[in-house]
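Residue numbers for the sequence shown, in mature numbering (1 follows the signal peptide of the UniProt record, and there is no 0): -21 to -1, 1 to 117. Ideal placement from N, C-alpha and C gives every residue a C-beta, glycine not left out.
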Amino acid sequence: MIRRLIGIAALVATVALPVMAQAQGVPGGVERGSRDGERAAGPVGAVVGGVIGGVVGGVNGVLGVDERPRFRSYVVEQHRPSYQYREDVRIGAVLPEEGVTYYDVPPEYGVRDYRYTVVNNRTVLVDPRTHRIVEVVE
């Protein structure tokens, strides 16, 4: 039984890892990994795929490792004003609804559900519904 579970987990990882590398962030990675793993190997695959997808999504972030430098350059070229925030600029922080200007991320970066802004001279991606920072672009 244990050998079978290990075999299924290895199969799911092999099949799902390339697909999950395109997932956006930890939540997107978990969701997509779970879905792909379940299709490939049932409930056990869903669990394994979700874990692997979360890890891959966490490493890539919302933008992905390769897109961050290019996106930072884009933001610098746009000369967006920086909002002064008294709290720590970190993932999970909620920005105020008033006083902060949120900008669309150009389509070539593949980020559809988030906006960006500059806070304390740092570029951040924000969920426009909750104003929660989902990524600090370093």
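Neighbourhood of residue i by C-beta, 8 Å cutoff - its chain only, sequence neighbours within 5 removed
i    : result
T109 : V73
V90  : Q3, V41, L42, V84 and L104
P75  : H110
Bridge partners - residue i, DSSP secondary structure assignment
i    : result
R101 : V98
R111 : V73 and D106
V116 : T102
Cβ-Cβ separation, residue j to residue i (assumed contact under 8 Å), whole Å
i    : j    : result
V68  : V115 : 6 Å
T102 : V54  : 5 Å
Local Cβ density within 10 Å of residue i, reported as buried at 16 or more and exposed below that
i     : result
P(-4) : Low confidence applies to P(-4): its pLDDT is 45, below 50, so where it sits in the model is not reliable, and the reading given next is rough at best. With fewer than 16 Cβ atoms within 10 Å of its Cβ, P(-4) is classed as exposed.
Y93   : buried
E46   : buried
Residue i and residue j closer than 8 Å at C-beta
i    : j   : result
V98  : Y64 : yes
G59  : Y81 : Note that residue 59 is Arg in the sequence shown, not Gly. No, they are not a contact pair.
R111 : G71 : yes
N100 : S52 : no
Residue i: CB within 7 Å of a non-hydrogen atom of the ligand SAM
i    : result
R101 : Of ligands this structure carries none, so the ligand SAM is not represented either.
Cβ neighbours of residue i in the same chain (closer than 6 Å, five flanking residues each side left out)
i   : result
V34 : Note that V34 has pLDDT 43, beneath the 50 cutoff, so the model's placement of it is unreliable and the number below is only indicative. Taken in chain order, the list of residues that qualify is empty.
7 Å Cβ shell around residue i - same chain, five flanking residues per side excluded
i   : result
S88 : Note that residue 88 is Tyr in the sequence shown here, rather than Ser. The answer, listed in chain order, is L42, E46 and F50.
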